[in-house]
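S.K.: Quick one: the structure is below, and I'll ask about it shortly.
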Amino acid sequence: MSEIITRVDETVKKYDMLEQGNFVVVGVSGGADSMLLLWYLLKRQKQYNLRILVANVEHGIRGEESLSDTEFVKGFCKKNNVQFKSLSVNAPKEAKALSMGIEEYSRKIRYEFFSSFSPDKIATAHNLSDNVETFIFRAVRGTSPRGLASISPVRDNIIRPLIEISSAEIRDFCNQNGIKYRIDSTNLCNDYARNSIRNSVVPVLREINPSFENNISSLIEAISSDCDCLDCQAEECFCDLYNNGVLDKSKLRLYHPSIVKRVLVKLFEINSLPIDRVHIGEVYSLLFKNGKVQIKGKCFAVSDKNSIRIALIENDMPLKAEIVNKKVISKSEFLTNGELLLKQFAFYCDCDKISGNICVRSRQSGDTISPAKRNCTKSLKKLFNELKIDVEKRATVPVLCDDVGVIGVYGYCVDERVRVKDDTSRVLLFNIHLEDNN
Numbered sequence: 028m029s030e031i032i033t034r035v036d037e038t039v040k041k042y043d044m045l046e047q048g049n050f051v052v053v054g055v056s057g058g059a060d061s062m063l064l065l066w067y068l069l070k071r072q073k074q075y076n077l078r079i080l081v082a083n084v085e086h087g088i089r090g091e092e093s094l095s096d097t098e099f100v101k102g103f104c105k106k107n108n109v110q111f112k113s114l115s116v117n118a119p120k121e122a123k124a125l126s127m128g129i130e131e132y133s134r135k136i137r138y139e140f141f142s143s144f145s146p147d148k149i150a151t152a153h154n155l156s157d158n159v160e161t162f163i164f165r166a167v168r169g170t171s172p173r174g175l176a177s178i179s180p181v182r183d184n185i186i187r188p189l190i191e192i193s194s195a196e197i198r199d200f201c202n203q204n205g206i207k208y209r210i211d212s213t214n215l216c217n218d219y220a221r222n223s224i225r226n227s228v229v230p231v232l233r234e235i236n237p238s239f240e241n242n243i244s245s246l247i248e249a250i251s252s253d254c255d256c257l258d259c260q261a262e263e264c265f266c267d268l269y270n271n272g273v274l275d276k277s278k279l280r281l282y283h284p285s286i287v288k289r290v291l292v293k294l295f296e297i298n299s300l301p302i303d304r305v306h307i308g309e310v311y312s313l314l315f316k317n318g319k320v321q322i323k324g325k326c327f328a329v330s331d332k333n334s335i336r337i338a339l340i341e342n343d344m345p346l347k348a349e350i351v352n353k354k355v356i357s358k359s360e361f362l363t364n365g366e367l368l369l370k371q372f373a374f375y376c377d378c379d380k381i382s383g384n385i386c387v388r389s390r391q392s393g394d395t396i397s398p399a400k401r402n403c404t405k406s407l408k409k410l411f412n413e414l415k416i417d418v419e420k421r422a423t424v425p426v427l428c429d430d431v432g433v434i435g436v437y438g439y440c441v442d443e444r445v446r447v448k449d450d451t452s453r454v455l456l457f458n459i460h461l462e463d464n465n
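Residue numbers (this note's numbering): 28 to 465.
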């Protein structure tokens, strides 16, 4: 038995790719990789009692050449009595309509087509060289360690039996064993980044070290193993520290940053939020301070003394509130009936210190207040932090202003400028009616 086939057998067994009686959809383009994959699965069909269906997608990119590839695969299947299904699309046109790259759209449509047959397994012909090219591409573009793990041998029901065989070995085997295949002419041009890596970068690396593909493959396997270990630890940490939508920040800080960031990724995932390094880094910084970070639209990561959570905050929504039960009395009446009046009214101030009209609104950037009898001025943000007002509720706290500035925070404090003092003649009292601000 050929060494190549023995290695493919070992890969299949190592990753438990096939089980008895599996229905396998094989993605076959007609190239050497996919033709060897199909050839191998047909050789192992009886051993595993496989039902095999060949699926081919013609992307409408290479004209007659692409159509000929489909006919080539169809002819092979007819000759070998293999079930064959094909799909033709205009990938450039449809990708543009969806604002997607051609490669991205083509990959999406392929897997959707493969999955439409409800197979137990989807077999694709990704090989070691593809994996190395993906590693280089992602490393240059920028990615996470998990991204550097590149193409997984098994993902869900997708299997890649050739993942440990190089493209050169595949071509040699096909040529030596009479396995016919088609050559994609677009692989020879450098219009795509991946082709540039394959045609320009890889040859240079091979000159430096002829075994570089195997070395990078070993590195990919090590990275993948380490990521699996860290992901398992992060999953346990998340289960321990996440309760009722809240992460225990004080305990999370005790873990290594690699675990913490994976826990934050999990937090993003369960809230269906887009994951990127910038946002994960910003939320990570909230471990060491209170505040919020906007993730998407009205969705924020919110941090207080002991927790981090995802919350919807209506920052730009105008506060729906009005002043009601307004009353002006003399200071002497206020002093006489103060206890009763304070049960009836939530806010009071020196009526004659008000400049212009009073308005009610949400806090704004730059708002400051001098809390009564505290001999200081501070931002409303700092005041709200001191008062421990939840970040997601701050937009609904009524801020009272006149033509000069903030005169009070309803339900919390009055500004020194308008507080009732010894020289006060008249006292203004009122309540605020808050409409539903949801």
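Think of the CB as a built atom: it goes at the ideal place given N, C-alpha and C, for glycine as much as any other residue.
At the level of alpha carbons, what is the spacing between Q47 and P188?
M.R.: For this step, residue 47 is matched to residue 20 along the sequence shown. For this step, residue 188 is matched to residue 161 along the sequence shown. So the two alpha carbons sit approximately 16 Å from each other.
S.K.: Leaving out five residues before and five after F361 in sequence, what residues of the same chain have Cβ atoms less than 6 Å from its Cβ?
M.R.: Numbered from 1 along the sequence shown, position 334 holds the residue referred to as residue 361. Hits under 6 Å: V454.
S.K.: My output table needs one value for P180: the three-state DSSP class, helix, strand or coil.
M.R.: By one-based count along the sequence shown, residue 180 stands at place 153. Correct three-state label for P180: coil.
S.K.: Using a Cβ-Cβ cut-off of 7 Å (strictly less than) and excluding sequence neighbours within five positions of K288, which residues of its own chain qualify?
M.R.: Against the sequence shown, residue 288 aligns to sequence position 261. Cβ within range, chain order: I307, Y311.
S.K.: What are the residues that DSSP puts in a beta bridge with D275?
M.R.: In the sequence shown, residue 275 corresponds to position 248, counting from 1. DSSP lists S334 as partners of D275.
S.K.: Tell me the start and end of each unbroken alpha helix (DSSP H) in the stretch 118–206 that is at least 4 residues and wholly inside, in chain order.
M.R.: 118–124, 129–142, 155–168, 172–175, 194–203
S.K.: According to the Cβ coordinates, are A422 and V387 closer than 8 Å?
M.R.: Residue mapping note: residue 422 aligns to position 395 of the sequence shown, counting from 1. Residue mapping note: residue 387 aligns to position 360 of the sequence shown, counting from 1. Taking 8 Å as the Cβ cut-off, A422 and V387 do not qualify as a contacting pair.
S.K.: For the beta strand (DSSP E) containing E85, name the first residue and the last one.
M.R.: One-based indexing of the sequence shown puts residue 85 at position 58. From DSSP, the beta strand (DSSP E) with E85 extends over 78–85.
S.K.: If distances are taken between C-alpha atoms only, which option among L369, D331, V431, S392 comes closest to K380?
M.R.: Here residue 380 is taken as the residue at index 353 of the sequence shown, counted from 1. Selected option, being the one with the closest Cα: V431.
S.K.: Please determine, among T97, R71, F239, the residue with the shortest C-alpha to C-alpha distance to G54.
M.R.: Counting from one through the sequence shown, the residue named residue 54 turns up at place 27. When only C-alpha atoms are compared, the closest one is T97.
S.K.: Report, in whole angstroms, the separation of the C-beta atoms of I129 and L155, which I expect to be a contact under 8 Å.
M.R.: Taking the sequence shown and counting its residues from 1, one reaches residue 129 at position 102. Taking the sequence shown and counting its residues from 1, one reaches residue 155 at position 128. Their Cβ separation, rounded to whole angstroms, is 25 Å, which puts I129 and L155 out of contact at 8 Å.
S.K.: Tell me whether N384 sits in a helix, a strand or coil according to DSSP, three-state version.
M.R.: Counting from 1 along the sequence shown, the entry for residue 384 is found at position 357. Of the three classes helix, strand and coil, the one that applies to N384 here is coil, per DSSP.
S.K.: For E419, which of N158, H86, R390, F99 has the nearest alpha-carbon?
M.R.: As a working note, residue 419 is residue 392 in the sequence shown. The shortest C-alpha separation from E419 is found at R390.
S.K.: Using a Cβ-Cβ cut-off of 7 Å (strictly less than) and excluding sequence neighbours within five positions of G383, which residues of its own chain qualify?
M.R.: Here residue 383 corresponds to residue number 356 of the sequence shown, with the count starting at 1. Excluding residues up to 5 positions away in sequence, D429, D430 lie with their Cβ nearer than 7 Å to the Cβ of G383 in the same chain.
S.K.: With a cut-off of 8 Å on the beta carbons, I'd call A261 and K293 a contact; round off their distance for me.
M.R.: Position 234 of the sequence shown, counted from the start, is the residue given in the question as residue 261. Position 266 of the sequence shown, counted from the start, is the residue given in the question as residue 293. The distance from the Cβ of A261 to that of K293 is about 7 Å, consistent with a contact at the 8 Å cut-off.
S.K.: Go to L455, then tell me how far its beta strand (DSSP E) extends in each direction, as first and last residue.
M.R.: Counting from 1 along the sequence shown, the entry for residue 455 is found at position 428. Start and end: 453–461.
S.K.: Within this structure, are the beta carbons of D60 and S194 separated by less than 8 Å?
M.R.: Position 33 of the sequence shown, counted from the start, is the residue given in the question as residue 60. Position 167 of the sequence shown, counted from the start, is the residue given in the question as residue 194. Result yes, Cβ atoms of D60 and S194 sit closer than 8 Å.
S.K.: Counting C-beta neighbours from all protein chains within 10 Å, is the total for K123 16 or more, i.e. buried, or is it exposed?
M.R.: Within the sequence shown, the letter at position 96 stands for residue 123. So K123 ends up on the exposed side.
S.K.: Quick one: Cα of K207 to Cα of Y42, how far?
M.R.: As a first step, residue 207 must be located in the sequence shown, where it is residue number 180. As a first step, residue 42 must be located in the sequence shown, where it is residue number 15. Approximately 28 Å between the Cα atoms of the pair.
S.K.: In this structure, how does DSSP classify E349 when only helix, strand and coil are distinguished?
M.R.: Your numbering for residue 349 matches position 322 in the sequence shown. Strand.
S.K.: Just how far apart, CA to CA, sit S113 and V52?
M.R.: As a position in the sequence shown, residue 113 is number 86, starting the count at 1. As a position in the sequence shown, residue 52 is number 25, starting the count at 1. Looking at the two C-alpha atoms, the distance is approximately 12 Å.
S.K.: How should S244 be labelled, buried or exposed, when 16 other C-beta atoms within 10 angstroms of its C-beta is the threshold for buried?
M.R.: Against the sequence shown, residue 244 aligns to sequence position 217. Its Cβ being crowded by 16 or more others within 10 Å, S244 is buried.
S.K.: In terms of DSSP beta bridges, what is Y375 paired with?
M.R.: Sequence index remark: in the sequence shown, residue 375 carries index 348 (1-based). Per DSSP, L456.
S.K.: Spatial neighbours of I186 within its chain, please: CB distance less than 6 Å, with the 5 preceding and 5 following residues excluded, ordered by chain position.
M.R.: Position 159 of the sequence shown, counted from the first residue, corresponds to residue 186. Hits under 6 Å: M44, K148, A150.
S.K.: Select from I286, L274, D211, K278 the residue whose C-alpha is nearest the C-alpha of G58.
M.R.: Here residue 58 is taken as the residue at index 31 of the sequence shown, counted from 1. Comparing Cα positions, the closest option is D211.
S.K.: Measuring straight from C-alpha to C-alpha, what distance separates K354 and T404?
M.R.: Counted from its first residue, the sequence shown places residue 354 at position 327. Counted from its first residue, the sequence shown places residue 404 at position 377. In a straight line, the C-alpha of K354 is about 28 Å away from that of T404.
S.K.: For V84, tell me which candidate among S223, K40, S142, D157 has the shortest Cα-Cα distance.
M.R.: For this step, residue 84 is matched to residue 57 along the sequence shown. Taking V84 as reference, the option from S223, K40, S142, D157 with the minimal CA-CA separation is S142.
S.K.: Any idea what DSSP makes of I302, helix, strand or coil?
M.R.: The residue you call residue 302 lines up with position 275 of the sequence shown. Here I302 sits in coil by DSSP.
S.K.: With a Cβ-Cβ cutoff of 8 Å, do N317 and S277 count as a contact?
M.R.: Sequence index remark: in the sequence shown, residue 317 carries index 290 (1-based). Sequence index remark: in the sequence shown, residue 277 carries index 250 (1-based). If you check the CB distance, N317 and S277 do not come in under 8 Å.
S.K.: Given G319, which residues of its chain have a CB within under 6 Å of its CB, disregarding the five upstream and five downstream residues?
M.R.: Stepping through the sequence shown from its first residue, residue 319 is reached at position 292. Looking at the sequence shown, residue 319 is not Gly but Lys. Once the five neighbours on either side are set aside, the close Cβ partners of K319 are F327, V329, V418.
S.K.: State the beta-bridge partners of L427 as determined by DSSP.
M.R.: Your numbering for residue 427 matches position 400 in the sequence shown. DSSP output for L427 lists V387, G435 as bridge partner(s).
S.K.: What does the alpha-carbon distance come out to for the pair S29 and L281?
M.R.: Stepping through the sequence shown from its first residue, residue 29 is reached at position 2. Stepping through the sequence shown from its first residue, residue 281 is reached at position 254. About 53 Å.
S.K.: Just checking my contact of C376 with I434 at CB under 8 Å: how many whole Å lie between their CB atoms?
M.R.: Translated into the one-based positions of the sequence shown, residue 376 becomes position 349. Translated into the one-based positions of the sequence shown, residue 434 becomes position 407. Yes, C376 and I434 are in contact; Cβ-Cβ is about 6 Å, under 8 Å.
S.K.: At the level of alpha carbons, what is the spacing between Y75 and L68?
M.R.: Reading the sequence shown from its first residue, position 48 is the one you call residue 75. Reading the sequence shown from its first residue, position 41 is the one you call residue 68. Whole-angstrom Cα-Cα distance: 9 Å.
S.K.: Starting from Q260, trace the alpha helix (DSSP H) in both directions and tell me its first and last residue.
M.R.: Walking along the sequence shown from the start, residue 260 turns up at place 233. Residues 239–268.
S.K.: What is the DSSP secondary structure of N45, reduced to helix, strand or coil?
M.R.: Indexing the sequence shown from 1 puts residue 45 at position 18. One point to set straight first is that residue 45 is Leu, not Asn, in the sequence displayed. DSSP places L45 in coil when its eight states are reduced to three.
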